[in-house]
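Asker:
Number of protein chains: 2
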Amino acid sequence: MNVNIAFVGYGTVAQGFTEIILEKGSQLKEQHDLSIQVVAVSDIKKGSIYDEKGLNMKKVLSLAKNNKPLEDYPEGIKGMNSLETITKTNADTIIEVTYTDVKTGEPALTHIKAALNAGKHVLSTNKGPAVKQAALLLETARKNNVYYGFEGTVLSGTPALNLASYTLSGNKITGFKGILNGTTNYILTRMEEGMSYEKALKKAQELGYAEADPTGDVEGLDALGKVVILTNVVLGKELSRTDVKRKGITGISMDDVKHAKEHGKRWKLIGRAEIQKDSSVLASVSPEKLPLSDPLAGVNEAVNALTFMTDELGPVTIIGPGAGKRETGFALLIDMINMKYQISR
Amino acid sequence: MNVNIAFVGYGTVAQGFTEIILEKGSQLKEQHDLSIQVVAVSDIKKGSIYDEKGLNMKKVLSLAKNNKPLEDYPEGIKGMNSLETITKTNADTIIEVTYTDVKTGEPALTHIKAALNAGKHVLSTNKGPAVKQAALLLETARKNNVYYGFEGTVLSGTPALNLASYTLSGNKITGFKGILNGTTNYILTRMEEGMSYEKALKKAQELGYAEADPTGDVEGLDALGKVVILTNVVLGKELSRTDVKRKGITGISMDDVKHAKEHGKRWKLIGRAEIQKDSSVLASVSPEKLPLSDPLAGVNEAVNALTFMTDELGPVTIIGPGAGKRETGFALLIDMINMKYQISR
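Protein chains in written order, with our numbering: chain X, 112 to 456; chain F, 112 to 456.
As structure tokens, this is what we get:
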């Protein structure tokens, strides 16, 4: 299968994915009969370039990495904006990787809808649209007979959505719980070793795990978005951000951490949701004191983990990275491989 | 897609799979466009029944559960042996679930080769053939343009082979390590709580985890077979049983367990293999003292776990059941769903 892709947004994740397809092109062709060609790149800051016969992505990547405008690319059509790139190029697959706004989902939401309604597949690591309207977007994709993949919105490249909807499908999944935010897990790991919250946060910022304003991580907002996505997609239940009880880790003291350790327990920020007997959903993000016998208790540092409750297998847990340029870029590849098999049926 | 299946062997796993397809038929049709019909069942002890128009599996299951001969089924053709059932029925997919012999692989090996060479798909939870000749059987399947799935040979229904070859594909997997045997993990968990090896083994036997002769589990032979399968299939390297260094858990004393616990460590029977710089493979089954920070250290009771070393994501770990009637039956369903997408490309 030949895939013609257009990038909408060309930041670190898009660049990570470009590196992967440049390095692994022949492997993808051989293993999965996938030939990937990039025909367009449009970025609000870096500019835009389109060549229906395919771009030389080594050149494009080099421009982006050297902070040069994409219009320096020697050939092709310049200056097309996001929506023109989505609707007026010969791309059949749009990689939507603009910045995330989980409150409005914009501008990504508009981009994705435009692409799906134009009969184009969409692969995206953008949390905003998935948090706001995952179910609607999946339905729009289905109606237009195209694919919408957003694996990277949950655990970056560690399979969560594809694991549930493909590899574990056949199970009824009735709930999940997980360590869905790496920054807070890193901070809690350091605190158990005796480091103060403030120092641990500073270290997380130095390592690039936490942003200058850490509210999204430490108050549980990032984990909350993932709970919403998983509930809508994996549990098949409507849930919006305001339906989730939320508590971050800022209220956890060194004494709390020590006390838990003395009793063979460990604090983790857990995002969870479970279908209730009346078929409603109870969802929360909150610090929980786990016994060390819980597989999630053994997940330390910035690592993420997710346990699905299944009817056939009982709890099944996946543990892996939850962030990173290559890791998140890789999520787009998982989606593309899955797309390949889903649409050829 | 319509699938006509024949069971060769009709023990607990086959019955577990029958229950699953009886209960989940409409879900499989809706989610994956899979319509499954059983046309034949042949078992060396229970007898054999064939109806090209499809068997009433509720009746067949009831006969098997009540220890009645399958020939009591009211209609159809009786008395076909395994090879006749494989080659002379209208089944397009053979479920090979006869007893396992990891030394010779027989009679399953003969069954599987006959099926693949007759242009029939094979789904099997039988370790013997996979340990002996996984690579050859996969090649035979490829040549005949059919599918050979054997997910259940590693962690029962917890996805291991499908996780690696599908959901994580795009990664280069350079090694793995895992808790591949539930019985020994159960015994080590009890020993850490202070129970003697002998008592823990007896308890494992009472619970049905360990057999009357526990050698296969406690001496690491079962785990060894899984290391061989994973190395051949996931690492793509030839390895036979005699290439693996093996040590069981019988040499681990209460003192060893206590000593590890005092130092924040925990004994686990670890099966592992890693591709070396000269591209050879180093593989072993051996008790290892893991630090509690290792995700595998937090996996207790009869639960299994497997960590893949990947180039894009680093270590990715899956944790779930490694045995059980429904769980292993479910592995056949994972394979069938994967088969559906693979062959329709």
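Built from N, CA and C at the ideal position, the CB exists for glycine as well.
Values in this document were obtained by computation on a predicted structure and should not be read as measured data.
1. Compare the C-beta of Asn296(F) with all C-beta atoms of chain X and state if any pair is closer than 8 Å.
2. Around the C-beta of Arg456(F), are 16 or more other C-beta atoms found within 10 angstroms, so that it is buried, or is it exposed?
3. Apart from the five residues just before and just after Gly440(X), which ones in its own chain have a Cβ nearer than 6 Å to its Cβ?
4. Take every Cβ of the segment 433-447 of chain X, pair it with every Cβ of the segment 418-433 of chain F, and state whether three or more of those distances are shorter than 8 Å.
5. Just the Cα atoms here: how many angstroms apart are Leu346(X) and Thr285(X)?
6. Could you pull the start and end residues of the alpha helix (DSSP H) that Ile430(X) belongs to?
7. Between which two residues does the beta strand (DSSP E) containing Phe118(F) stretch?
8. Taking Arg489(F) as the reference, which of Thr251(F), Val171(F), Pro402(F), Glu304(F) has the closest Cα?
9. Apart from the five residues on each side of it in sequence, which residues of its chain come closer than 7 Å, Cβ to Cβ, to Leu247(X)?
10. Candidates Leu274(X), Asp405(X), Leu393(X): which alpha carbon is nearest Lys356(X)'s?
11. Would Ala371(X) count as contacting chain F if we go by Cβ distances under 8 Å?
12. Under the assumption that Asp446(X) contacts Leu220(X) (Cβ atoms under 8 Å), give the Cβ distance between them as a whole number of angstroms.
13. List the residues of chain X whose Cβ lies closer than 7 Å to the Cβ of Lys135(F), in chain order.
14. Taking Arg437(F) as the query, report the chain X residues whose CB atoms sit under 7 Å from its CB, ordered along the chain.
15. Can you give me the C-alpha to C-alpha distance between Ile298(F) and Gly305(X), rounded to a whole angstrom?
16. Asp154(F) bridges to which residues according to DSSP?
17. Leaving out five residues before and five after Asp333(F) in sequence, what residues of the same chain have Cβ atoms less than 6 Å from its Cβ?
18. Compute the distance between the beta-carbons of Gly289(X) and Gly382(X), then report whether it is under 8 Å.
19. What residues from chain F crowd round Thr285(X), counting only those whose CB sits closer than 8 Å?
20. Please compile the residues from chain F whose C-beta is within a distance smaller than 7 Å of the C-beta of Pro432(X).
21. Quick check: what's the CA-CA separation for Ala442(X) versus Leu139(F)?
22. Roughly how many angstroms separate the alpha carbons of Gly336(X) and Ser395(F), rounded to a whole number?
23. Between the alpha carbons of Gly331(X) and Asn415(X), how many angstroms are there, rounded?
24. Please name the residue, chosen from Pro180(X), Asp144(X), Ala275(X), Thr264(X), that lies closest to Thr269(F) on a Cα-to-Cα basis.
25. So the candidates are Thr278(X), Thr418(X), Lys189(X); which of them puts its Cα closest to the Cα of Glu262(F)?
26. Using the DSSP secondary-structure output, state which residues sit across from Ser146(F) in a beta bridge.
27. Which residue from Leu145(X), Lys243(X), Gly230(X), Asn296(X) puts its Cα closest to that of Asn411(X)?
28. Counting only C-beta atoms, is Gly289(F) closer than 8 Å to chain X at any point?
29. Between the segment 177-195 of chain F and the segment 154-167 of chain F, can you find at least three pairs of beta-carbon atoms closer than 8 Å?
30. Who are the near neighbours of Asn449(X) in its chain, counting only those whose CB is closer than 7 Å to its CB and skipping five residues on each side?
31. Based on Cα-Cα distance, which residue from Ala315(X), Pro398(X), Val208(X) lies nearest to Asp367(X)?
32. Exposed or buried, Arg253(X), counting other C-beta atoms within 10 Å across all chains shown (16 or more means buried)?
Answerer: According to the structure data:
1. Along the second sequence, read from residue 1 onward, the residue named residue 296(F) stands at position 185. Contact of Asn296(F) with chain X is not assigned, every C-beta pair being separated by 8 Å or more.
2. Position 345 of the second sequence, counted from the start, is the residue given in the question as residue 456(F). Reliability of the predicted coordinates at Arg456(F) is poor, the pLDDT of 44 falling under 50, and the value obtained from them is presented with this limitation in mind. So Arg456(F) ends up on the exposed side.
3. Here residue 440(X) is taken as the residue at index 329 of the first sequence, counted from 1. Short of 6 Å from the beta carbon of Gly440(X), and not among the five residues preceding or following it, lie these beta carbons of its own chain, in chain order: Val124, Gly127, Phe128, Ile131.
4. Counting C-beta pairs with one atom in each stretch, the segment 433-447 of chain X and the segment 418-433 of chain F have three or more that are closer than 8 Å, which means they touch.
5. Locating residue 346(X) in the first sequence gives position 235, counting from the first residue. Locating residue 285(X) in the first sequence gives position 174, counting from the first residue. Their backbone Cα atoms lie some 6 Å apart in a straight line.
6. For the purposes of this step, residue 430(X) is identified with residue 319 of the first sequence, where counting begins at 1. For Ile430(X), no alpha helix (DSSP H) segment is defined; the enclosing uninterrupted segment is the beta strand (DSSP E) at 425-431.
7. Position 7 of the second sequence, counted from the start, is the residue given in the question as residue 118(F). According to the DSSP assignment, Phe118(F) belongs to the beta strand (DSSP E) that extends over 113-119.
8. Since the displayed chain F opens at 112 and closes at 456, residue 489(F) lies outside it and no answer follows.
9. By one-based count along the first sequence, residue 247(X) stands at place 136. Excluding sequence neighbours, Leu247(X) sits near nothing in its chain.
10. If you number the first sequence from 1, residue 356(X) lands on position 245. For Lys356(X), the nearest C-alpha among the options comes from Leu393(X).
11. Taking the first sequence and counting its residues from 1, the one referred to as residue 371(X) is at position 260. Chain F, which has no Cβ nearer than 8 Å to the Cβ of Ala371(X), makes this no.
12. Looking up residue 446(X) in the first sequence gives position 335. Looking up residue 220(X) in the first sequence gives position 109. Actually they do not touch by this definition, with Cβ atoms about 18 Å apart.
13. For the purposes of this step, residue 135(F) is taken as the residue at position 24 of the second sequence. Per Cβ cutoff of 7 Å: Gly281.
14. Here residue 437(F) refers to the residue found at position 326 when the second sequence is read from its first residue. Within chain X, the residues near Arg437(F) are Glu423.
15. Counted from its first residue, the second sequence places residue 298(F) at position 187. Counted from its first residue, the first sequence places residue 305(X) at position 194. If I take the Cα positions, the gap works out to 34 Å.
16. As a first step, residue 154(F) is located in the second sequence; it is residue number 43 there, counting from the start. Under the DSSP definition of a beta bridge, Asp154(F) partners with Gly158(F).
17. Mapped onto the second sequence, residue 333(F) falls at position 222. These residues qualify, in order along the chain: Asn292, Gly327.
18. Position 178 of the first sequence, counted from the start, is the residue given in the question as residue 289(X). Position 271 of the first sequence, counted from the start, is the residue given in the question as residue 382(X). With a cutoff of 8 Å on beta-carbon distance, Gly289(X) and Gly382(X) are scored as near each other.
19. Taking the first residue of the first sequence as 1, we reach residue 285(X) at position 174. Under the 8 Å cutoff, chain F gives no residues; its nearest Cβ is about 14 Å from Thr285(X).
20. To locate residue 432(X), count along the first sequence from 1; it is residue 321. Leu424, Gly425, listed in chain order.
21. The sequence position of residue 442(X) within the first sequence is 331, counting from 1. The sequence position of residue 139(F) within the second sequence is 28, counting from 1. The C-alpha of Leu139(F) is placed about 26 Å away from the C-alpha of Ala442(X).
22. The residue you call residue 336(X) lines up with position 225 of the first sequence. The residue you call residue 395(F) lines up with position 284 of the second sequence. Taking the straight line from one Cα to the other gives about 42 Å.
23. Translated into the one-based positions of the first sequence, residue 331(X) becomes position 220. Translated into the one-based positions of the first sequence, residue 415(X) becomes position 304. The alpha-carbon of Gly331(X) is positioned some 14 Å away from that of Asn415(X).
24. For this step, residue 269(F) is matched to residue 158 along the second sequence. Minimum Cα-Cα distance from Thr269(F) among the listed residues Pro180(X), Asp144(X), Ala275(X), Thr264(X) corresponds to Ala275(X).
25. Translated into the one-based positions of the second sequence, residue 262(F) becomes position 151. Nearest C-alpha to Glu262(F): Thr278(X).
26. One-based indexing of the second sequence puts residue 146(F) at position 35. Paired residue(s): Asn113(F).
27. The residue given as residue 411(X) occupies position 300 in the first sequence. Nearest option by C-alpha distance: Asn296(X).
28. The residue labelled residue 289(F) in the question sits at position 178 within the second sequence. Chain X places no beta carbon closer than 8 Å to that of Gly289(F), leaving this residue out of the contacts.
29. With the cut-off at 8 Å, the segment 154-167 of chain F and the segment 177-195 of chain F touch.
30. Looking up residue 449(X) in the first sequence gives position 338. Cβ neighbours of Asn449(X) beyond the five flanking positions: Gly260, Asn273, Tyr277.
31. The sequence position of residue 367(X) within the first sequence is 256, counting from 1. When only C-alpha atoms are compared, the closest one is Pro398(X).
32. Counted from its first residue, the first sequence places residue 253(X) at position 142. Only exposed fits Arg253(X), as fewer than 16 other CB atoms lie within 10 angstroms of its CB.
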